[in-house]
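In my numbering, the protein residues as written are 186 to 396.
The block underneath contains the structure these notes are about, expressed in structure tokens.
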């Protein structure tokens, strides 16, 4: 019997396992103590990521609180993702890549137009994915905050500007997130085709939740 390599190292029973297609949104509730594994199936795929407290959606992931608490822009193993109340929401329990981005933001039709030209305005973008997923639970555009970009490489240049360059992931790379409270996870499997964050070719990712 073949062994699924993407379940290696996970403890507990698999309670949710789905492949999110390229360019698609995803929403799921993860209970405290459960672990979410994100698998970059084909490599070099950015996964835009938001968190909301399931009990009170006004409490949500805060890039500012997370960065300030750890004193570093980049997210690594052991990083605690904190809410706007300063409370732990999830912890990066393990990661196959050295770091993840928390400052590059999410692409939108408006930002695509500004950066890449008016011909890109009709292209699907992460903000639209976030809106589509959040509508399922009554959240709107004002509920979209600065997000995490798992597997995305956004170096800070010497002049303080941000670069968007080839990702540091490869096929089968993973990141494991342990829920410290009941959370609602909202993902945009990034559809961007105008910069190298997805290798100009968006691909599927796999979401595995264990308890």
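Heads up, the beta-carbon is just placed ideally off N, CA and C, and yes, glycines get one too.
All values reported here derive from a predicted model rather than from experimental measurement.
query, result
"Closer than 7 Å by C-beta to residue 260: which residues in its own chain qualify, once you throw out the five before and the five after it? Chain order, please.", "277, 284, 285, 287, 333"
"Nearest by alpha-carbon distance to residue 202: which of 220, 340, 187 is it?", "220"
"Can you list, in chain order, the residues of its chain with a C-beta nearer than 7 Å to that of residue 229? Leave out the 5 residues immediately preceding and following it.", "351, 352, 354, 383, 384"
"Look up residue 275 in the DSSP assignment and give the residues it is bridged to.", "266, 364"
"Identify, in the order they occur along the chain, each residue of the same chain with its Cβ nearer than 7 Å to the Cβ of residue 252, setting aside the five sequence neighbours on each side.", "258, 287"
"Measuring straight from C-alpha to C-alpha, what distance separates residue 302 and residue 292?", "14 Å"
"How many Å lie between residue 357 and residue 208 at the Cα?", "18 Å"
"By the three-class DSSP mapping on this structure, what secondary structure does residue 327 have?", "helix"
"What does residue 335 pair with, by DSSP beta-bridge criteria?", "232"
"Tell me whether residue 313 sits in a helix, a strand or coil according to DSSP, three-state version.", "helix"
"Can you give the Cα-Cα distance for residue 264 and residue 304, rounded to whole angstroms?", "39 Å"
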